[in-house]
Amino acid sequence: MTVSANPPLIALPSFLSEGSPLLNELLHTVADEFYLLAAPDMKLVYANASVLSNTGYDLVCLQKLPLSDVLGVSKTKLQSHLQAHAGEAKFLRLMQDQAPVVGRVSHEQLRVKIIASEQSPFLLLIKSDLSPISGSDCHDCAQTFNQVLMDSESRVEAIISNTPGLVFQLQLDPRGDIVFTYLSEGCKALLGFNAADLMQESKLFFAMMNPRDKASLRKRLVQSADALTQLDWEGRVWINDWQDNKWINLRAIPKVLNDGVIQWVGIMINITQSKNEKLELQESRHELAQLTAHMNQIKELERTRIAREIHDDLGGNLTAIKIGLTSIINRLATGLPVSVEQAKGLESIVDNTFEAIHKISSDLRPNILDLGIVAALEWQAKEFEKQVGISCTFTTNQADIVVTPDQAITLFRICQESMSNIAKHANATSVHVDLNLHYGEIIMKISDNGIGINTADTYKPNSFGLRGMQERVSALYGSFDIDQLADQGTVVAVTLPIE
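Offset between the sequence shown (1-based) and my numbering: plus 11.
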């Protein structure tokens, strides 16, 4: 006969429910026969696979047989046992009235245990096979099974309690809303709700999400249910108690229950840190791409400027020199005198050419750096005061600081850019440049007494000057900071390691 697919009308105790698949599977695979009777009418509500195999009946057919034919004891005797041992929680041996007609008839004992359940008490009866196993005497099967049950439950609880996240079971109601049938104790730490409260009001889970993530989860649930494939979803939930968003990842395996309802069993974990790191990395790459594009644009503009200066200044001067020399040569060839003023005019053009070459060369790489970084920054402070008219001082704790060429040009350009920003935006009346060698680090600070900088301005998409400084310093494994002073003004600080 085939096993009936119709579940018993009486609710089974929790250790045989769908919520405990491990123990349910264990009961189906052991060799002993297990019977579960509901009190007080002693109706048979469960029989494991061994019973169905040994008797050849399904559960519905077994329920129609007298208990004495199935178990060898009468209903009256079982009811008397229930009344006499209602307070006991261990297995007791029960003497049989007769040999059972169906099932294992060669067993030597019948064990009975009263199980307390939320609905009503149950009687668990075991026909134990005490025949030798692998050449050795079998221990008390009922006691062994009882221990197996407790050990299995302990292992399951230990696994769940030590799982880094929230273990859950959920179903969908007819409206498509989530209904949690089980939540582990990790619920409070992850979602800010007690497990019992969220199980009672499961709709609060959807209420924690924004419309986009809520729609995404509903879509994934439908896809998982249709194909019975793993549910994998990540999204944000708003934790009201902490006034913060949290990213969670939800993974679950769907299973079709006996009544046709689909149930998911899975785990939720907090992925906020990794998600934020991923978003920060994406934002950093985006900013770096923007900065690279800006630097390429600046480079092209600089090349255009230098080309124009070479063409206009050097080219123009060389053309004037050539014309002047041609005039002198023609005059000398015809015996005409050459004036001193004409020669001095050519000399002035040559001087201008030298100045243009010096300016272009200095723009490409300041020659002052050949004298050392201390001398270069001191010269830059004096030039800034002379050209802009703002008081600028320079201090250092070393007469000379040995730096690499990359460090020298980085410090010089950052000081140059900072002073340019001060002249354009700060409305300052004094500037101070400080360069020190301290505990194996080079520390440069440029401070002013201007209107200060708003912290939000440092994050503007077009703040390429500040981002360019930061990238220069990062490439040399240093640190870059820009802060508003407590009283007034701004300070730019650069720290580089001594190489």
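Think of the CB as a built atom: it goes at the ideal place given N, C-alpha and C, for glycine as much as any other residue.
So, for residue i: in the same chain, excluding its five sequence neighbours on each side, which residues have a beta-carbon less than 6 Å away from its beta-carbon?
| i | result |
| --- | --- |
| Gln481 | Phe491 |
| Met12 | Low confidence applies here, because Met12 scores a pLDDT of 42, under 50, leaving its location unreliable; read the following figure in that light. The answer, listed in chain order, is Gly67, Tyr68 and Asp69. |
| Lys88 | none |
| Arg483 | Thr421 |
| Val503 | Ser429, Ile457 and Ile493 |
| Arg247 | Asp224, Asn256 and Trp258 |
| Ser342 | Checking the sequence, you will find Arg at residue 342 rather than Ser. Closer than 6 Å at Cβ, skipping near neighbours: Val349. |
| Asn447 | Asn408 and Ile454 |
| Val267 | Ile273 |
| Ile144 | Low per-residue confidence applies at Ile144: pLDDT is 41, beneath 50, and the placement is therefore not dependable, though the value from the model is reported in the following sentence. Cβ within range, chain order: n/a, list empty. |
| Phe217 | Lys225 |
Kindly give me the distance between the Cβ atoms of residue i and residue j, rounded to whole angstroms, as I take these residues to be in contact under 8 Å.
| i | j | result |
| --- | --- | --- |
| Val84 | Leu103 | About 13 Å separates the two Cβ atoms, so there is no contact after all. |
| Gln495 | Gly463 | 4 Å |
| Leu202 | Leu209 | 7 Å |
| Met106 | Leu177 | With a Cβ gap of about 49 Å, Met106 and Leu177 do not count as contacting. |
| Leu487 | Gln418 | 6 Å |
| Val56 | Asp80 | Actually they do not touch by this definition, with Cβ atoms about 17 Å apart. |
| Asp459 | Thr501 | 6 Å |
| Leu213 | Val190 | As written in the sequence, residue 213 is Ser, which differs from the Leu given in the question. Confirmed, about 5 Å. |
| Phe179 | Tyr193 | 6 Å |
| Arg229 | Gly187 | 6 Å |
| Asp43 | Ser61 | 6 Å |
| Ile360 | Glu320 | No, Ile360 and Glu320 are not in contact; Cβ-Cβ is about 16 Å, not under 8 Å. |
| Ser195 | Ala207 | 12 Å between Cβ atoms; not a contact. |
| Ala97 | Leu73 | In fact, because the Cβ distance is near 26 Å, the residues do not count as touching under 8 Å. |
Residue i bridges to which residues according to DSSP?
| i | result |
| --- | --- |
| Gln274 | Gln182 and Lys266 |
| Arg493 | The question names Arg, but residue 493 is Ile in the sequence shown. Answer is Val503. |
| Ile137 | Phe45 and Arg122 |
| Ser402 | Ser441 |
| Ser235 | Beta-bridge pairing links Ser235 to no other residue. |
| Lys230 | BP columns for Lys230 are empty, so no partner. |
| Tyr57 | Leu47 |
| Val413 | For Val413, which the question treats as bridged, DSSP gives no partner whatsoever. |
| Lys257 | Val248 |
| Val190 | Gln182 |
| Ser458 | His443 and Val502 |
| Arg104 | Arg122 |
| Asp80 | Per DSSP, none; premise fails for Asp80. |
| Glu407 | The question names Glu, yet the displayed sequence has Thr at residue 407. According to DSSP, which records beta bridges pairwise, Thr407 is partnered with Leu446. |
| Glu452 | His449 and Pro508 |
| Asn281 | Ile259 |
| Leu177 | Met279 |
| Asp243 | Arg262 |
Excluding the 5 residues flanking residue i on each side, which residues of the same chain have their C-beta closer than 8 Å to its C-beta?
| i | result |
| --- | --- |
| Glu452 | Thr506, Leu507, Pro508 and Ile509 |
| Ile170 | The predicted position of Ile170 is uncertain, since its pLDDT is 49 and thus under 50; no value can be drawn from it. |
| Val385 | Thr407, Gln409, Ala410, Asp411, Ile412 and Leu446 |
| Glu99 | Ile125 |
Using C-beta distances below 7 Å, list every residue in its chain close to residue i, excluding the 5 sequence neighbours before and after it, in chain order.
| i | result |
| --- | --- |
| Arg4 | Residue numbering for the chain in the displayed model covers 12 to 510; residue 4 lies beyond these limits and cannot be assessed. |
| Phe133 | Pro24, Leu47, Leu48, Ala49, Ala50 and Ile126 |
Does the ligand NAD have even one heavy atom less than 7 Å from the beta-carbon of residue i?
| i | result |
| --- | --- |
| Thr283 | What this structure holds is no ligand at all, so the ligand NAD is not there to describe. |
So, do the stretch 182–191 and the stretch 259–276 have three or more beta carbon pairs nearer to each other than 8 Å? The answer is yes - the stretch 259–276 touches the stretch 182–191, with three or more Cβ pairs under 8 Å.
Is the number of C-beta pairs between the stretch 392–401 and the stretch 427–435 that are closer than 8 Å three or more? Yes, the stretch 392–401 touches the stretch 427–435.
Stretch-stretch touch, CB-based, cutoff 8 Å, three pairs: the stretch 282–294 with the stretch 250–262: Cβ pair count under 8 Å is three or more, so yes.
Are the stretch 336–354 and the stretch 378–394 touching, with three or more C-beta to C-beta distances below 8 Å? Touching, no, given that fewer than three Cβ pairs across the two stretches are closer than 8 Å.
For the pair the stretch 432–447 and the stretch 397–414, tell me if three or more CB-CB distances fall below 8 Å. With a cut-off of 8 Å, the stretch 397–414 and the stretch 432–447 count as touching, because enough Cβ pairs lie within range.
Are there three or more Cβ pairs, one per stretch, closer than 8 Å when the stretch 323–342 is compared with the stretch 350–366? Output reads yes: the stretch 350–366 touches the stretch 323–342.
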